[in-house]
Amino acid sequence: MLEKIKETTAYIKYKTGFDPEVGIILGTGLGGLVKEIEIKETLPYDTIPNFPVSTVEGHSGKLIFGLLGGKKVVAMQGRFHFYEGYDITQVVFPVRVMKFLGIKKLFVSNASGGVNPDFEIGDLMILNDHINLIPNPLMGKNYKELGPRFPDMSDTYDKTLIDLAKEIAKENNIVVKEGVYTAVTGPTFETPAEYKYYRIIGSDTVGMSTVPEVITARHMNIPCFAISVITDLGVPGKIVEVSHEEVQEVAKKSETKMTLLFKEILKKI
Ligand code: HPA
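See the structure below:
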């Protein structure tokens with residue numbers, strides 16, 4: 008695996024000559040942040056050796072290199088999900104490559120279903136913790152060049168970045184919630200009983216991504232910041248039929264707020 012990471016990194020370095028400081032993973036319907044990036048290079052996933060190819064609508068599948076908020080970033084426009092049928096190590100492969108490209112921080116966005124009764128559709132929630140119900144991407148042989156066999160997860164979401172994000176949100180009159188994201192495999196959305204269960208075990212939102220990438224980044228000691236757009240509610244009395252199209256639509260509406268937050272945080276780090 009290390010060989011593959013090194014091969015892919017070498018290819019990207021050769022093609023782009025770019026050394027990013029921050030990695031960004033853009034979630035469902037949030038790819039519009041790319042419009043704010045002063046783009047230097049773009050590599051479609053299907054041209055990158057060893058990269059999986061994204062199959063989901065709303066995930067266009069490119070690595071974008073450029074400047075955002077004055078920082079050199081590499082952004083994944085489109086990510087890989089376990090439910091697409093990839094092996095979990097393939098899902099997180101790009102994060103390892105980003106580390107080898109030199110990123111010092113990882114920013115992640117996603118869409119999720121709110122189970123906290125105080126949440127509304129369109130809210131943004133900063134992740135301050137997670138519950139992982141997707142197979143752990145670190146299972147199998149541990150590569151000590153990447154990180155320890157038993158990584159600590161007590162400080163998964165960087166507190167300095169969370170505080171900075173909250174400060175910026177306040178300055179710009181953006182309401183942000185904070186809470187626990189539970190990662191599930193999908194691809195089914197939850198039944199009412201499942202939403203209730205996720206609430207009982209301590210979740211504020213539930214979604215199908217992010218945590219595998221964050222675990223992989225923390226294994227390599229990369230500070231992480233993650234934010235979720237609440238696209239539907241799994242709250243008793245508020246549960247309605249949900250579709251991927253609606254999830255994309257709501258996420259798009261919150262895109263401007265999220266983009267501003269990311270950009271301003273980048274300016275200040
Ligand atoms: N459940 C799981 N994943 C999701 C949801 C949801 O309600 N909304 C957006 N992604």
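If you're matching positions, the sequence shown starts at 8 in this note's numbering and goes up one per residue.
Just so you know, even glycine gets a beta-carbon here, dropped at the ideal spot from N, CA and C.
Suppose the cutoff is 6 Å on Cβ atoms and the five residues either side in sequence are ignored; what does the same chain contact list for residue i look like?
i: E185; result: I133, N135
i: I181; result: K264
i: L1; result: With the chain represented from 8 up to 276, any question about residue 1 goes unanswered, as that position is not in the structure.
i: V249; result: F196, D239
i: V242; result: P124
DSSP three-state label for residue i, please.
i: I246; result: coil
i: L39; result: The identity of residue 39 in the sequence shown is Gly, whereas the question assumes Leu. Of the three classes helix, strand and coil, the one that applies to G39 here is helix, per DSSP.
i: E45; result: strand
i: H51; result: Note on residue identity: the sequence assigns Pro, not His, to residue 51. The answer is strand: DSSP assigns P51 an E or B state.
i: V99; result: coil
i: I32; result: strand
i: F232; result: strand
i: T189; result: strand
i: F25; result: coil
i: M227; result: coil
i: F269; result: helix
i: I276; result: coil
i: F72; result: strand
i: T198; result: coil
i: T212; result: strand
i: V60; result: coil
i: T238; result: strand
Nearest CA to the CA of residue i: which residue from the options?
i: E28; options: D162, L113, N179; result: L113
i: F87; options: G68, Y21, V104; result: G68
i: E271; options: D211, L171, A17, E201; result: L171
i: I207; options: T223, E220, T189; result: T189
i: L33; options: Q84, R225, S261, T163; result: Q84
i: K245; options: T96, V98, V122, S116; result: V122
i: P144; options: V221, P51, F126, Y52; result: V221
i: K22; options: T49, T35, V115, K13; result: T49
i: G116; options: Y204, L37, E256, I19; result: The identity of residue 116 in the sequence shown is Ser, whereas the question assumes Gly. Selected option, being the one with the closest Cα: L37.
i: I12; options: M160, F100, I175, I141; result: F100
i: K177; options: L267, H226, V41, G209; result: L267
i: D165; options: F269, A233, I95; result: A233
i: E127; options: V187, V257, I276; result: V257
Using a Cβ-Cβ cutoff of less than 8 Å, which residues in the same chain neighbour residue i once the five nearest sequence positions on both sides are dropped?
i: G109; result: D26, P27, E28
i: Y52; result: F58, P59, V60, S61, G68, K69, L70, G85
i: R156; result: N149
i: K47; result: T23, F25, F72, G73, L74
i: E43; result: L75, T266, K270
So, for residue i: in the same chain, excluding its five sequence neighbours on each side, which residues have a beta-carbon less than 7 Å away from its beta-carbon?
i: S261; result: G129, L131, V236
i: K106; result: M227, I229
Does any CB atom of chain C fall closer than 8 Å to the CB of residue i?
i: E197; result: The structure shown contains no chain C; it holds only a single protein chain.
Checklist entry - Contact between the stretch 192-200 and the stretch 67-83: three or more CB pairs below 8 Å? => result Contact between the stretch 192-200 and the stretch 67-83 is absent, because fewer than three Cβ pairs lie under 8 Å.
Checklist entry - Touching or not, the stretch 80-100 and the stretch 209-220, by the rule of three or more beta carbon pairs under 8 Å? => result yes
Item to check | Ranges of the alpha helix (DSSP H) found wholly within the stretch 104-186, counting only runs of at least 4 | outcome: 166-178
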